[in-house]
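The opening position of the sequence shown corresponds to residue 1 in our numbering, with each subsequent residue numbered one higher. Even for Gly, the Cβ is constructed at its ideal location relative to N, Cα and C. Fair warning: this is a prediction, and the values are worked out from it, not measured in the lab. For reference, the structure discussed in these notes is given below.
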Amino acid sequence: MPGNYAEISQAIVSKLGGLTNISAVTHCMTRLRFVVKDDRLVDLAGLKAIDGIMGVVHTDTQLQVIIGNEVAKAYQAVLALGEPQSDGAAPVKRKMTLKSVGAGILDALVGTMSPLIPAIIGGSMVKLLAMILDMAGVFEKGSSTLIILNVIGDGAFFFLPIMVAASAALKFKTNMSLAIAIAGVLVHPNFIDLMAKAAQGQHVDFAFIPVTAVKYTYTVIPALVMTWILSHIERGVDRITPAVTKNFLKPMLIVLIAAPIAIVLIGPIGIWIGSGISALVYTIHGYLGWLSVAIMGGLWPLLVMTGMHRVFTPTIIQTIAETGKEGMVMPSEIGANLSLGGSSLAVAFKTKNRELRQTALAAAASAIVAGISEPALYGVAVRLKRPLIASLISGFICGAVAGIGGLASHSMASPGLFTSVQFFDPTNPLSIVWVVAVMVLSVVLSFILTLILGFEDIPETTRPVPSQPGASPEQTKAANAS
1 MPGNYAEISQ AIVSKLGGLT NISAVTHCMT RLRFVVKDDR LVDLAGLKAI DGIMGVVHTD
61 TQLQVIIGNE VAKAYQAVLA LGEPQSDGAA PVKRKMTLKS VGAGILDALV GTMSPLIPAI
121 IGGSMVKLLA MILDMAGVFE KGSSTLIILN VIGDGAFFFL PIMVAASAAL KFKTNMSLAI
181 AIAGVLVHPN FIDLMAKAAQ GQHVDFAFIP VTAVKYTYTV IPALVMTWIL SHIERGVDRI
241 TPAVTKNFLK PMLIVLIAAP IAIVLIGPIG IWIGSGISAL VYTIHGYLGW LSVAIMGGLW
301 PLLVMTGMHR VFTPTIIQTI AETGKEGMVM PSEIGANLSL GGSSLAVAFK TKNRELRQTA
361 LAAAASAIVA GISEPALYGV AVRLKRPLIA SLISGFICGA VAGIGGLASH SMASPGLFTS
421 VQFFDPTNPL SIVWVVAVMV LSVVLSFILT LILGFEDIPE TTRPVPSQPG ASPEQTKAAN
481 AS
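Here is the structure:
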């Protein structure tokens, strides 16, 4: 994988129409996520041809450039070129349709949650470590060390509404400190105590309006919707407050308007939406059983390609918070991730192209060891097509095995060799056997299926030189010919 991200970032920005056509840039675990002002200025074909890019996903609201595990380096290289800027031109407005509304909701959810994934994974793994140490009897029951470890792991989840509000404030371009302050109300100890009393039947109201008993810790949707509403409230209040009073009156009015709306209306509705989605997903799981895990395992790489996989993040968090484990989405990812790794190994074994072999080996290691499957998905499977089919078949079969084995995850780290301990169940020693069996089957089956289906090898030729900003087509062509 090319490591000169200074050149790669210059080429990317050039193909996106320059910094003046970029209104925002962020990144997740493997992708650079750009918000462009005018899609007509984007050279999509040229972008896909840049050496070092595994793929491009273009949605109604974002243009995602898949880099792989070194996306942070590419992101810093993009920032080094300068901050996204405006030349005074307004963003091109898109016609509002049912599809665009759905895409906007998905973009808001994914754009908000993606920056939070490292904290969520880190917290999950610390909680898992505490559970393993407790199982192994390293510390006595009730040990202060175990208590502190659990608190460290739980921090990202207990204060998740605050993290969501901060991230959503960036997404919706509203005041982050106000968003955090309002989300902080939802997890304030006194408010939590008040909601606990309301849950026991005590009447709670705000200005004679009844307040629904709701627990907001570990939740995503209420803070996300609340911050979106806040962005509109802030603009409205800004228009009506005199300039001389803006410093103190504007923030006070925003908090006095937004916080009660969040407590009385938005919060409960958000909880009901989140609970409804979770109930739907796990009703399907309860009805179909292991088959639902198999279907999810077969579809997972396709969901990753569209970004739809992040839709399940709030559901997974809420389910683990309520029951201590999640038994449909996370188990399906074992087969999906490691099958992509096995297919990449088969490609590395069979290809005559040295560059493709190096890419496939690195992608296989990423998918199998760390559970990060996008390098294998975009760098190998999608590129060669038949390995993708092999991994989908293997993912379905291995998902079925995981479902039959009753595997469930106690955290939400991306499943791989190092994170497989999240599926160990202290009450079921056989869970270790099932996890190992699914992992081995995933790699072996996808490897064999890829060899059987075969693939059209890529000839070992020189790839095009990435076009530089300001370079003419004739200069780029001459560079490639030299």
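Residue j and residue i - do their beta-carbons sit closer together than 9 Å?
| i | j | result |
| --- | --- | --- |
| residue 230 | residue 263 | no |
| residue 282 | residue 328 | yes |
| residue 268 | residue 212 | yes |
| residue 44 | residue 27 | no |
| residue 69 | residue 29 | yes |
| residue 318 | residue 220 | yes |
| residue 258 | residue 403 | no |
| residue 349 | residue 451 | yes |
| residue 128 | residue 321 | no |
| residue 278 | residue 241 | no |
| residue 298 | residue 399 | yes |
| residue 379 | residue 360 | yes |
| residue 62 | residue 111 | yes |
| residue 138 | residue 79 | no |
| residue 119 | residue 72 | no |
| residue 195 | residue 204 | yes |
For residue i, count the other beta carbons within 10 Å of its own beta carbon; 16 or more makes it buried, fewer makes it exposed. Which is it?
| i | result |
| --- | --- |
| residue 15 | buried |
| residue 151 | exposed |
| residue 483 | Nothing can be reported for residue 483: it is not among the residues displayed for the chain, which extend from 1 to 482. |
| residue 13 | buried |
| residue 234 | buried |
| residue 433 | exposed |
| residue 135 | exposed |
| residue 456 | exposed |
| residue 337 | buried |
| residue 333 | buried |
| residue 209 | exposed |
| residue 177 | exposed |
| residue 422 | buried |
| residue 172 | buried |
| residue 256 | exposed |
| residue 246 | exposed |
| residue 270 | buried |
Specify, as a first and last residue, the run of the alpha helix (DSSP H) that residue i falls within.
| i | result |
| --- | --- |
| residue 483 | Here the chain covers residues 1 to 482 and nothing more, so residue 483 does not appear. |
| residue 64 | Here residue 64 belongs to no alpha helix (DSSP H); instead the beta strand (DSSP E) covers 63 to 66. |
| residue 447 | 430 to 453 |
| residue 389 | 386 to 404 |
| residue 40 | Where residue 40 is concerned, there is no enclosing alpha helix (DSSP H), given that its DSSP letter is neither H nor E. |
| residue 339 | 329 to 350 |
| residue 354 | 354 to 365 |
| residue 122 | 117 to 136 |
| residue 229 | 221 to 240 |
| residue 323 | 313 to 323 |
| residue 75 | 71 to 80 |
| residue 261 | 246 to 261 |
| residue 368 | Neither: residue 368 is in no alpha helix (DSSP H) and is coded neither H nor E. |
| residue 11 | 5 to 15 |
| residue 411 | That residue, residue 411, is in no alpha helix (DSSP H); it is neither H nor E in DSSP. |
| residue 425 | Element bounds for residue 425: n/a, residue is neither H nor E. |
Leaving out five residues before and five after residue i in sequence, what residues of the same chain have Cβ atoms less than 7 Å from its Cβ?
| i | result |
| --- | --- |
| residue 88 | Because the pLDDT of residue 88 is 45, which lies under 50, any placement of that residue in the model is unreliable, and the number read from its coordinates should be weighed accordingly. So the list is empty, once near-sequence residues are dropped. |
| residue 389 | 453 |
| residue 340 | 301, 367, 373, 376, 377, 381, 391 |
| residue 74 | 5, 8, 9, 32, 67 |
| residue 418 | 369, 370 |
| residue 179 | 165, 166, 168, 169, 227, 230 |
Within a Cβ cutoff of 8 Å, which residues of the same chain sit near residue i, ignoring the five residues on either side of it in sequence?
| i | result |
| --- | --- |
| residue 64 | 31, 32, 33, 34, 56, 57, 58, 307 |
| residue 285 | 292, 293, 327, 328 |
| residue 459 | 353 |
| residue 207 | 260 |
| residue 141 | 134 |
Starting from residue i and walking both ways along the beta strand (DSSP E), at which residues does that stretch end?
| i | result |
| --- | --- |
| residue 55 | 55 to 58 |
| residue 458 | Taken as a continuous stretch (DSSP letters only), residue 458 belongs to no beta strand (DSSP E), as it is neither H nor E. |
| residue 420 | Where residue 420 is concerned, there is no enclosing beta strand (DSSP E), given that its DSSP letter is neither H nor E. |
| residue 25 | 22 to 27 |
Please return the same chain residues whose Cβ sits closer than 6 Å to the Cβ of residue i, not counting the five positions on each side in sequence.
| i | result |
| --- | --- |
| residue 163 | 116 |
| residue 447 | 342, 345, 346 |
| residue 217 | 158, 187 |
| residue 18 | none |
| residue 351 | 357, 457 |
Margin query: Count Cβ pairs between the stretch 383 to 393 and the stretch 425 to 440 that sit closer than 8 Å; are there 3 or more?
Written below: Three or more beta-carbon pairs separated by less than 8 Å are not found between the stretch 383 to 393 and the stretch 425 to 440, which leaves the two stretches without contact.
Check: Does the stretch 397 to 416 come within contact of the stretch 117 to 137, defined as at least 3 CB pairs closer than 8 Å?
Finding: Contact between the stretch 397 to 416 and the stretch 117 to 137 is present: three or more C-beta pairs spanning the two stretches fall below 8 Å.
Next item on the list: Determine, using beta-carbon pairs with one atom in the stretch 440 to 452 and one in the stretch 134 to 151, whether at least three such pairs fall under 8 Å.
Entry: No contact exists between the stretch 440 to 452 and the stretch 134 to 151.
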